[in-house]
Amino acid sequence: MINKTVVIAEAGVNHNGNISQALRLVDAAKLSGADYVKFQTFKTELNISRKAKKAEYQESSEGDTQYDLVKKLEFTEDDFETVINYCEKKGIGFLSTAFDLPSVEYLFRKNIDYYKIPSGELTNLPLLRKIGGNSRKIIMSSGMATLKEIHIALQVLIKEGAVKKNITVLHCNTEYPTPMEDVNLKAMNTIGDELDVQVGYSDHTLGIEIPIAAVALGAKIIEKHFTLDRNLPGPDHRASLEPDELKEMVTAIRNIEKAVSGSGKKEPSPSEQKNKEVARKSIHTTRSMKAGEIIKEEDIIALRPGNGISPMEWDSVVGKKLSRTYEENEILDWGTLE
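Taken in order, the sequence shown gives residues 48 to 385; the numbers are from the numbering used here.
What follows is the structure, encoded as structure tokens:
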């Protein structure tokens with residue numbers, strides 16, 4: 048049985064505030080084979096002070112302050128209605144990350160499959176309480192967090208009524224792009240083992256190999272930023288995949304799912320059974336031999352094909368008498384050995 052990984056194509060704010068660009072992102076996510084396309088829902092004034100400085104990775108984006116930058120990327124509820132309807136039409140799941148309480152309430156009304164807690168909100172008690180009070184499935188990213196902080200956030204969610212088995216914690220590094228030496232992918236399973244919770248991975252590295260490795264290590268959910276063009280202006284494009292890369296990542300993940308879905312027993316697979324006779328060897332004669340001759344070590348050799356006596360029976364064959372004549376390089380048969 049193949050355990051399917053939930054793949055979330057993270058559009059985020061890579062629509063640059065343009066609804067038609069958002070719809071093209073939906074198209075790209077659908078073509079990639081991802082299960083969901085995810086955006087970000089927020090009211091800028093409820094999230095960012097007008098005096099807040101931009102993060103280092105935001106410096107090249109338009110706007111003097113973080114508030115100015117983010118305000119240009121804000122979608123209205125009407126915008127999201129358009130996106131949601133388009134996702135339904137295209138047959139791909141819609142998700143969005145809420146950054147404030149009114150945005151959480153809006154997404155509650157939309158009855159989406161998962162509610163996402165972003166890394167920056169893991170220490171936001173009111174938002175944790177709000178999301179924990181809903182019985183839906185929860186995804187929580189853990190960038191910048193310690194194990195203790197993740198544990199505390201989980202306890203808040205559970206105290207408010209969230210069911211632990213419905214919570215998935217994503218290992219994450221909040222640097223765009225994340226240096227490979229900072230990925231620390233083993234921490235994903237540390238979270239799962241120490242906190243007894245389902246885990247996944249939210250990736251901000253360049254390339255596709257780390258999410259694929261995370262699936263091989265047991266990630267149940269993968270989240271990856273994507274864009275229509277990495278050269279577009281905006282804070283997240285540079286650390287995002289382009290559509291062809293996103294499709295390549297999803298295809299690789301589906302292959303990894305198949306590769307790790309076996310029984311765990313070491314035994315010949317159905318597909319390789321036919322190759323045993325071709326690839327293995329059996330005992331052959333090295334010369335023409337007459338009936339009655341005793342087989343010596345130098346009279347035999349291991350050659351392909353492997354449809355005769357196994358070379359593992361070598362010592363049992365040496366010293367046997369032939370009951371018939373053999374030609375050179377002929378496969379020995381137990382029925383002719385005395």
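All residues carry an ideal CB built from backbone N, CA and C; glycine is no exception.
Asked	Found
Within the segment 71–150, note down every full beta strand (DSSP E) run reaching 3 residues or more, in order along the chain.	83–88, 140–145
If the criterion is Cβ atoms closer than 8 angstroms, does the pair P290 and S79 meet it?	yes
For E124, count neighbouring Cβ atoms within 10 angstroms of its own Cβ and tell me buried if that reaches 16, exposed if not.	exposed
Determine the extent of the beta strand (DSSP E) in which K323 is found, giving its start and end residues.	No beta strand (DSSP E) contains K323, which is instead part of the alpha helix (DSSP H) from 323–326.
Where do the ends of the alpha helix (DSSP H) carrying L293 lie?	290–306
Distance, Cα to Cα, K195 vs L142?	28 angstroms
I think K136 touches D160, with their Cβ atoms under 8 angstroms apart; what is that distance to the nearest whole Å?	Not a contact, Cβ separation roughly 17 angstroms.
Please name the residue, chosen from A99, K267, S357, that lies closest to V325 on a Cα-to-Cα basis.	S357
In whole angstroms, what separates the C-alpha of S67 from that of V73?	10 angstroms
Taking all protein chains shown into account, do 16 or more other C-beta atoms lie within 10 angstroms of the C-beta of I49, making it buried, or fewer, making it exposed?	exposed
Check each candidate in A263, V365, K267 and name the one with the smallest Cα separation from N213.	K267
With DSSP collapsed to three states, give me the class of G265.	coil
Could you check which residue in G355, E207, L201 has the C-alpha nearest to that of V216?	L201
Using the DSSP secondary-structure output, state which residues sit across from Q245 in a beta bridge.	T215
Let's test the definition: count the other Cβ atoms within 10 Å of the Cβ of K271 and tell me whether it reaches 16, buried, or not, exposed.	buried
Find out if the Cβ-Cβ distance for the pair V210, I178 is shorter than 8 angstroms.	no
Where do the N-terminal and C-terminal ends of the beta strand (DSSP E) with A56 fall, by residue?	53–59
Do three or more CB pairs link the segment 82–94 to the segment 53–67 at distances below 8 angstroms?	yes
How should E168 be labelled, buried or exposed, when 16 other C-beta atoms within 10 angstroms of its C-beta is the threshold for buried?	buried
Residues in its own chain within less than 6 angstroms of G339 by CB, not counting five upstream and five downstream?	none
Tell me, to the nearest whole angstrom, how far the beta carbon of I186 is from that of L242; I am working on the premise that it is less than 8 angstroms.	Contact flag wrong, Cβ pair sits at about 15 angstroms.
Leaving out the 5 sequence neighbours to the left and right, which residues in its chain are closer than 6 angstroms to A349 when beta-carbon positions are compared?	K328, P358
Can you give me the C-alpha to C-alpha distance between Y248 and L175, rounded to a whole angstrom?	20 angstroms
Can you give the beta carbon distance from E344 to V365, rounded, assuming they're within the 8 angstroms contact cut?	6 angstroms
Rounded to whole angstroms, what's the CA-CA distance from E222 to H251? Just pull it up for me.	7 angstroms
Do you know how far the Cα of D126 is from the Cα of P165?	21 angstroms
Along the chain, where does the beta strand (DSSP E) containing A349 start, and where does it finish?	347–350
Determine, using beta carbons only, whether G254 and N61 come nearer to each other than 8 angstroms.	no
Check for me: the alpha helix (DSSP H) holding S182 runs from which residue to which?	Neither: S182 is in no alpha helix (DSSP H) and is coded neither H nor E.
Go to K206, then tell me how far its alpha helix (DSSP H) extends in each direction, as first and last residue.	194–206
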